[in-house]
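Chain order of the listed sequences is A and B. Each number in the numbering used here corresponds to the 1-based position in the first sequence with 20 added. Each number in the numbering used here corresponds to the 1-based position in the second sequence with 20 added. Glycine is no exception: its CB is placed at the ideal position from the N, C-alpha and C atoms.
Protein chains: 2
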Amino acid sequence: MTYCVGLLLEAGIVLLSDTRTNAGLDNISTYRKMFTFEEPGERVIAILTAGSLSVTQTTMARLHEAAEDAEATPDSSVLLAPTMLKVAEIVGNTLASVRQDIEHKMNATKVSTAASMIVAGQRAGGAMRMFLIYPEGNFIEATTDTPFLQIGEHKYGKPILDRVVSRETSLADAQKAVLLSMDSTLRSNLSVGMPLDLAVIERDACRMSMIRRIEAGDKDFAAMSGAWSRALRDAFSQIEL
Amino acid sequence: MTYCVGLLLEAGIVLLSDTRTNAGLDNISTYRKMFTFEEPGERVIAILTAGSLSVTQTTMARLHEAAEDAEATPDSSVLLAPTMLKVAEIVGNTLASVRQDIEHKMNATKVSTAASMIVAGQRAGGAMRMFLIYPEGNFIEATTDTPFLQIGEHKYGKPILDRVVSRETSLADAQKAVLLSMDSTLRSNLSVGMPLDLAVIERDACRMSMIRRIEAGDKDFAAMSGAWSRALRDAFSQIEL
Chain A
21 MTYCVGLLLE
31 AGIVLLSDTR
41 TNAGLDNIST
51 YRKMFTFEEP
61 GERVIAILTA
71 GSLSVTQTTM
81 ARLHEAAEDA
91 EATPDSSVLL
101 APTMLKVAEI
111 VGNTLASVRQ
121 DIEHKMNATK
131 VSTAASMIVA
141 GQRAGGAMRM
151 FLIYPEGNFI
161 EATTDTPFLQ
171 IGEHKYGKPI
181 LDRVVSRETS
191 LADAQKAVLL
201 SMDSTLRSNL
211 SVGMPLDLAV
221 IERDACRMSM
231 IRRIEAGDKD
241 FAAMSGAWSR
251 ALRDAFSQIE
261 L
Chain B
21 MTYCVGLLLE
31 AGIVLLSDTR
41 TNAGLDNIST
51 YRKMFTFEEP
61 GERVIAILTA
71 GSLSVTQTTM
81 ARLHEAAEDA
91 EATPDSSVLL
101 APTMLKVAEI
111 VGNTLASVRQ
121 DIEHKMNATK
131 VSTAASMIVA
141 GQRAGGAMRM
151 FLIYPEGNFI
161 EATTDTPFLQ
171 IGEHKYGKPI
181 LDRVVSRETS
191 LADAQKAVLL
201 SMDSTLRSNL
211 SVGMPLDLAV
221 IERDACRMSM
231 IRRIEAGDKD
241 FAAMSGAWSR
251 ALRDAFSQIE
261 L
């Protein structure tokens, strides 16, 4: 499994993904689940992936191929698409078509080919937007009322987001919130694992403002995780029944 | 859906269940999901239920009928069973048999007949034990390493339990822990709802030591929920990235 989360805030976009994949319980590997397409200053797009690795990898490969094609068009390339909505459509259509190709081969077995994605970004002159692409290729969009989207093992880390995240949350607080949301998920579900990929896209920058790999032994993350555990236990002991 | 949780501690057993059931999204009702069988001083058994309401209700009805039957035997009645293990077997077998009866009728539609249960209690002279009964009727038991069992929507409320509950947790802290675990679930998932049923069985009491219905407007629960939200937000603001 996987846990990926994206926040769409007044100040920008914050994204976090884990890297654990497993084929069965005894075959666990590390794969990046965060991908970026960028023409700094003109457009920035980040894609987070969850679900069948063969489906997400092939989808990403086709998206890259289409973007690099000499005959790329605004209908085929996420780097040429005139709007973020069109980007979401291209990603959704590619995902659905890859899934159809692969599902055809998988019909005999009962292996799932479901995969979902978060697509977030901004074009110069356009608004920041963030979409959740469903396995069938259709999608929903983050709004003021619902500033965060999650894919994969989303339940463990939802309570903290429900409590602390709003559209007005600062980029610093937002990074803290997604990391603590991930921390709860890591502790409670072995199918989500380090290292993590954390990214920030500031409003109107139209480029990746920050992208950081957080390794398993990362001291800052461990310190934050420890401090959060202590703070939770302190808070727990102070609550009266 | 449902959220039920049971803790098996040195000091006793603490159980909490919600009461929301739904047949589809637009047909929501309140049903008790906590049931007790008791011969005070001799034995106490509590059963929490999740899943198909027709399956769990019929299972509970058959268990009651078998216990009240004039010809009840230690193989058929949870009030006569010689051990808690035998109680778990009777409940598991009854659940599996009800499910088979109903599944037969449901084959045409795709409605799930899955249901699971937590069975906890103690017989005079025996140990406190707690079991999770799977839809197929087999079961697992809580141990020193894993002092809590959950059924239904278990993911939202697991991080807090992972952090604060151990076998040595006091009964007061345990009640706080299950209520906060439920609070996180209530906030993040509409299919789990008030009122709640909270029960405590003290070690070797062999009777329900406390059983309490917590209604939607309960002031103590609302105060605890508010205090926990404030404590979490304070803790969040103090954590350094």
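- Ranked by Cα distance from Ala236 (chain B), the first of B:Met214, B:Gly26, B:Asp182 is B:Met214.
- The beta carbons of Ala116 (chain A) and Val139 (chain A) sit about 14 Å from each other, so the pair does not count as a contact at 8 Å.
- The beta carbons of Lys175 (chain A) and Phe256 (chain B) sit no closer together than 9 Å.
- Residues of the same chain with a CB within less than 8 Å of the CB of Val64 (chain B), apart from the 5 flanking positions on each side, are Thr56, Phe57, Glu58, Gly141, Gln142, Ile221, Ala225, Cys226, Arg227, Met228 in chain order.
- Scanning the stretch 122-188 of chain A from its first residue to its last, the whole beta strand (DSSP E) runs of 3-plus residues come out as 135-143, 149-153, 159-161, 168-172.
- Excluding sequence positions up to five before and after Val184 (chain A), its CB lies within less than 6 Å of the CB of Ala197, all in the same chain and listed in chain order.
- In terms of beta-carbon proximity, Ala255 (chain B) lines the interface with chain A, with at least one pair separated by less than 9 Å.
- In the DSSP assignment, Asp240 (chain A) falls within the alpha helix (DSSP H) that extends over 239-258.
- Distance check between Leu36 (chain A) and each of A:Arg250, A:Asp89, A:Ser201, A:Val118 places A:Ser201 closest, using alpha-carbon atoms only.
- Classified as buried, Asn209 (chain B) has 16 or more neighbouring CB atoms from the shown chains inside 10 Å of its CB.
- Proximity of chain B to Asp38 (chain A) at the Cβ level (cut-off 9 Å) is not reached, the minimal Cβ distance being about 15 Å.
- Thr22 (chain B): not part of any beta strand (DSSP E); DSSP gives it neither H nor E.
- Taking 9 Å as the CB threshold, Leu199 (chain B) lines the interface with chain A.
- Secondary structure of Asn209 (chain B) (DSSP, three-state): coil.
- The beta carbon of Ala134 (chain B) is closer than 6 Å to those of Gly71, Pro155 in its chain, skipping five residues each way along the sequence.
- With a cutoff of 9 Å on beta-carbon distance, Ile33 (chain B) and Met148 (chain B) are scored as near each other.
- DSSP, read as helix, strand or coil, puts Thr93 (chain B) in coil.
- The beta carbon of Ala31 (chain A) does not come within 9 Å of any beta carbon belonging to chain B, so the residue lies off that interface.
- Judged by DSSP in its simplified three-state form, Thr56 (chain B) adopts strand.
- Looking at the backbone, the Cα of Thr76 (chain A) and that of Lys125 (chain A) are separated by about 16 Å.
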